[in-house]
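Residue numbers 20 to 676, in our numbering, belong to the letters of the sequence shown in order.
Don't be surprised by glycine CBs; every beta carbon is placed ideally from N, CA and C.
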Amino acid sequence: MTAALIGKSVSRVDGRLKVTGAATYAAEFEVPNLAHAAVVRSIVANGRIAIDTAEAERAPGVIAVVTHSNAPRLAYQPHKGIPDAAVGERLHVLQDDRVNHQGQPIALVVAETLEQAVYAAEVVRVTYRNEAAATDMESVDPVLPTGKPAEWEIRRGEPDSAFEQAEFRVDQTYVIPRENHNPIEMFATIASWQGNSLTLWDKTQWVHNVAEEIAAVFGIAAENVRVISPFVGGAFGSGLRCWPHVTLAALGARVAGRPVKLVLSRREMYFGVGYRPHTVQRAALGASRNGQLQAIRHEGHQETSTYEEFTEALLSATRFLHSCPNVHTRHRIAPMNVHTPTYMRAPGEASGMYALESAMDELAVALKMDPVELRLRNEPDRDEFKDLPFSSRSTRECYRAAAERFGWSRRTAEPRSMRDGRVLIGWGMASATYPMNYAPASAMARLLPDGTAEVMSAASDMGPGTWTSMTQVAADTLGLPIERVKFTLGDTRLPRAPIHGGSMTMASVGSAVQAACRKARDDALARAGSNDLEEAMERFGQVIEATADVAPGDETKRFSMHAFGAVFVEVAVDPDLGETRVRRMVGAYGAGRVVNPKIARSQCIGGMIGGIGMALMEHSVVDPRNGRVTNANLAEYAVPVHADAPVAGVDNRVLHE
Numbered sequence: 020m021t022a023a024l025i026g027k028s029v030s031r032v033d034g035r036l037k038v039t040g041a042a043t044y045a046a047e048f049e050v051p052n053l054a055h056a057a058v059v060r061s062i063v064a065n066g067r068i069a070i071d072t073a074e075a076e077r078a079p080g081v082i083a084v085v086t087h088s089n090a091p092r093l094a095y096q097p098h099k100g101i102p103d104a105a106v107g108e109r110l111h112v113l114q115d116d117r118v119n120h121q122g123q124p125i126a127l128v129v130a131e132t133l134e135q136a137v138y139a140a141e142v143v144r145v146t147y148r149n150e151a152a153a154t155d156m157e158s159v160d161p162v163l164p165t166g167k168p169a170e171w172e173i174r175r176g177e178p179d180s181a182f183e184q185a186e187f188r189v190d191q192t193y194v195i196p197r198e199n200h201n202p203i204e205m206f207a208t209i210a211s212w213q214g215n216s217l218t219l220w221d222k223t224q225w226v227h228n229v230a231e232e233i234a235a236v237f238g239i240a241a242e243n244v245r246v247i248s249p250f251v252g253g254a255f256g257s258g259l260r261c262w263p264h265v266t267l268a269a270l271g272a273r274v275a276g277r278p279v280k281l282v283l284s285r286r287e288m289y290f291g292v293g294y295r296p297h298t299v300q301r302a303a304l305g306a307s308r309n310g311q312l313q314a315i316r317h318e319g320h321q322e323t324s325t326y327e328e329f330t331e332a333l334l335s336a337t338r339f340l341h342s343c344p345n346v347h348t349r350h351r352i353a354p355m356n357v358h359t360p361t362y363m364r365a366p367g368e369a370s371g372m373y374a375l376e377s378a379m380d381e382l383a384v385a386l387k388m389d390p391v392e393l394r395l396r397n398e399p400d401r402d403e404f405k406d407l408p409f410s411s412r413s414t415r416e417c418y419r420a421a422a423e424r425f426g427w428s429r430r431t432a433e434p435r436s437m438r439d440g441r442v443l444i445g446w447g448m449a450s451a452t453y454p455m456n457y458a459p460a461s462a463m464a465r466l467l468p469d470g471t472a473e474v475m476s477a478a479s480d481m482g483p484g485t486w487t488s489m490t491q492v493a494a495d496t497l498g499l500p501i502e503r504v505k506f507t508l509g510d511t512r513l514p515r516a517p518i519h520g521g522s523m524t525m526a527s528v529g530s531a532v533q534a535a536c537r538k539a540r541d542d543a544l545a546r547a548g549s550n551d552l553e554e555a556m557e558r559f560g561q562v563i564e565a566t567a568d569v570a571p572g573d574e575t576k577r578f579s580m581h582a583f584g585a586v587f588v589e590v591a592v593d594p595d596l597g598e599t600r601v602r603r604m605v606g607a608y609g610a611g612r613v614v615n616p617k618i619a620r621s622q623c624i625g626g627m628i629g630g631i632g633m634a635l636m637e638h639s640v641v642d643p644r645n646g647r648v649t650n651a652n653l654a655e656y657a658v659p660v661h662a663d664a665p666v667a668g669v670d671n672r673v674l675h676e
């Protein structure tokens with residue numbers, strides 16, 4: 020029996036593959052007889068098209084040019100207006116002459132080489148019948164294409180009268196621009212048909228979702244679609260659903276009769292996949308003189324597309340984060356001629372809490388109260404929205420730990436009172452929370468006679484360390500050295516796993532891995548009549564295989580389940596130029612049981628640095644005339660890099676519970 024591995028800072032088991040270039044990403048798989056595809060995209064946001072492909076078809080190396088005029092009819096379903104499009108309901112690719120947004124795919128060119136495909140795409144002639152585009156969120160009626168209202172609200176108590184009667188009130192509007200994920204690896208798909216079966220090498224955070232979407236669209240069984248995605252070079256939520264380029268690659272491969280590769284350019288990443296939607300929020304807080312919240316009114320307004328509904332969980336944290344008897348949240352979405360937004364880096368909570376926590380700071384200033392103290396005075400004992408106890412809530416401990424490490428007691432509250440020479444120094448803090456998610460998952464463990472183990476599940480790893488943490492869980496459960504355990508992921512032929520997002524992978528897949536390994540271990544020991552697993556595996560001399568399926572119980576009916584934290588930041592602001600530099604950050608998080616502290620710390624730091632980008636840099640500049648992103652490149656869309664992030668000053672404490 021080896022020493023316990025859960026809770027140890029193990030280095031990434033896939034690290035060597037990545038730093039040596041041996042890790043194979045979606046666009047890098049070698050497939051015989053591979054052709055290449057390029058997409059022709061609309062330059063208008065709304066209207067109808069006519070396409071002349073004659074010159075493109077004559078171009079060197081061209082195998083096929085696919086448009087709405089000659090594309091096979093696909094088995095799409097109409098969108099039913101649920102919060103996210105269901106399988107088979109998404110953008111109907113190359114099925115008619117209707118354009119819904121700038122950048123929409125309107126033709127696909129397949130050629131022998133990428134250069135030939137790109138050239139031929141440039142000579143496709145498109146005639147547009149332009150129509151007025153809805154690109155102004157404030158002027159769009161909140162009605163979905165299905166005719167259903169795109170506005171809903173939740174009330175508790177009497178928030179309007181309580182706000183009017185409150186002794187101290189703040190009422191502010193907060194705007195977040197559209198933001199794009201910008202992972203370093205662009206999206207790519209290789210599609211290869213074998214009769215009525217399809218293999219996709221794809222960049223995704225959920226291989227089974229891709230298989231089911233493509234199966235529905237092409238009218239084949241999901242078992243006939245194999246999706247392979249072992250390495251993902253960052254995604255941040257952009258890979259949580261299937262995008263049009265996957266359908267295009269499969270369509271191109273079917274028409275061409277050979278495998279096709281389609282890789283999005285950096286520019287296409289701004290309209291080929293989703294983004295964090297532009298939001299306008301109004302947060303109004305009312306409190307007594309002692310800082311007790313008496314009313315919260317929080318309104319959120321966000322963009323979505325005209326052909327799908329996507330609803331950000333914008334206001335969910337407002338209903339439980341701070342204690343308040345009178346709460347009103349109202350969410351409105353604006354269907355516009357833009358492509359569909361999606362989940363991005365703490366979706367919903369990151370946007371909504373920016374407004375809520377900023378308003379709490381405004382209230383603290385009005386009350387002349389320490390913002391930490393204000394939050395402590397409004398710390399709830401239970402989830403007042405669901406009327407359930409919290410499974411755990413470490414907010415007080417996080418405030419205390421981060422404030423102590425940061426040196427918050429030395430803060431002076433008077434604005435412009437802290438300086439470093441001519442530069443103004445600001446100290447700020449905010450609460451953090453995210454739901455604890457858990458979904459059904461399966462895993463398989465195989466014990467081999469040579470004393471090694473193979474463990475597998477169709478999970479993904481976009482960077483948080485799934486390869487490593489699952490190997491740790493397996494090795495710890497089996498009692499084997501970690502180097503004797505191999506974990507495999509990212510393939511629909513493996514046991515099913517849920518989405519790699521929503522902070523659910525460890526709770527879901529980790530539980531399945533643990534259960535499968537425990538089952539295999541117990542079986543091996545029983546068959547061999549031994550208490551030592553390696554001895555039992557050698558003595559039995561055959562492969563022992565075990566599969567486990569896990570699913571959530573009734574925990575969410577009995578508890579409100581969230582992780583909590585606090586972040587403290589020091590900034591330096593040039594009073595003349597307004598230039599803002601983040602000098603240091605301290606975070607404390609109640610993260611539950613931590614499998615790998617090194618990887619967990621990396622995740623916390625990544626979230627904090629992502630916050631720098633969201634607050635100070637990231638902004639997809641949209642042309643209001645046509646919905647086009649005008650800075651669709653990494654030269655003009657700023658993301659935080661090492662020079663922007665105070666790595667030496669970033670600290671965090673992960674509080675074990």
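Nearest neighbour of G256 by Cα position, chosen from A207, G520 and M556, turns out to be G520. Closest in C-alpha terms to R602, from the list T524, A543, G447 and T359, comes G447. When beta bridges are read from the DSSP output, V282 appears opposite A207.
Contact between the region 467-486 and the region 530-539 is present, with at least three C-beta pairs closer than 8 Å. Here A152 is actually not in contact with N652; their C-beta atoms are around 23 Å apart, not less than 8 Å.
The three-state secondary structure of T154, taken from DSSP, is coil.
If you draw a 10 Å sphere on the C-beta of K280, you find 16 or more other C-beta atoms in it, and that means buried.
Residue pairing of W262 in beta bridges, as defined by DSSP: absent, with no partner found.
Secondary structure at N650: coil, using DSSP grouped into helix, strand and coil.
For N149, the uninterrupted beta strand (DSSP E) run begins and ends at R144 to N149, by DSSP. Residue burial is scored here from C-beta neighbours: K538 has at least 16 other C-beta atoms within 10 angstroms and is therefore classed as buried.
Distance between P249 and E322, taken at the CA atoms: about 33 Å. Counting every other CB atom within 10 Å of its CB across the protein chains shown gives I315 a total of 16 or more, marking it as buried. Exclusion of the five residues before and after K617 leaves S28, V29 and S30 as the residues of its chain whose Cβ lies within less than 8 Å of its Cβ. In the assembly as shown, L283 is a buried residue. Its beta-carbon has 16 or more other beta-carbons within 10 Å. The bridge partners DSSP lists for I173 are T348.
According to the DSSP assignment, H227 belongs to the alpha helix (DSSP H) that extends over V226 to F237.
For H341, the closest alpha carbon among the candidates A657, N397 and A493 is that of N397. Contact annotation, I70 with S88: C-beta distance approximately 7 Å; criterion of less than 8 Å satisfied.
DSSP places V32 outside any beta strand (DSSP E), giving it a letter other than H or E. About 17 Å separates the beta carbon of I195 from that of T359, a gap too long to meet the 8 Å contact definition.
For W212, the pairing in a beta bridge is given by DSSP as L217.
The three-state secondary structure of F187, taken from DSSP, is strand. Contact annotation: the region 358-374 does not touch the region 416-428, with fewer than three C-beta pairs closer than 8 Å. Looking at the DSSP output, K505 sits in a beta bridge with E473.
Counting only runs of at least 4 residues, the region 481-550 fully encloses the following alpha helix (DSSP H) elements, listed from N- to C-terminal order: 485-497 and 530-547.
Here DSSP, grouped into helix, strand and coil, assigns G371 to helix. In the structure shown, the three-state DSSP call for L386 is helix. Taking C-alpha positions only, R144 is separated from A136 by approximately 15 Å.
Each of K167, A105 and Q213 was checked against the Cα of V229, and the nearest Cα belongs to A105. T649 is classed as exposed because its beta carbon has fewer than 16 other beta carbons within 10 Å across all chains shown.
The beta carbon of A336 lies closer than 7 Å to those of E368, G371, M372, L375 and T452 in the same chain, with the five residues before and after it left out.
A straight-line Cα-Cα distance of about 13 Å links L133 and A207. Bounds of the alpha helix (DSSP H) holding V137 are L133 to E141. Y294 has its alpha-carbon roughly 11 Å from the corresponding atom of V357. For Q321, the enclosing beta strand (DSSP E) stretches over residues L312 to S324.
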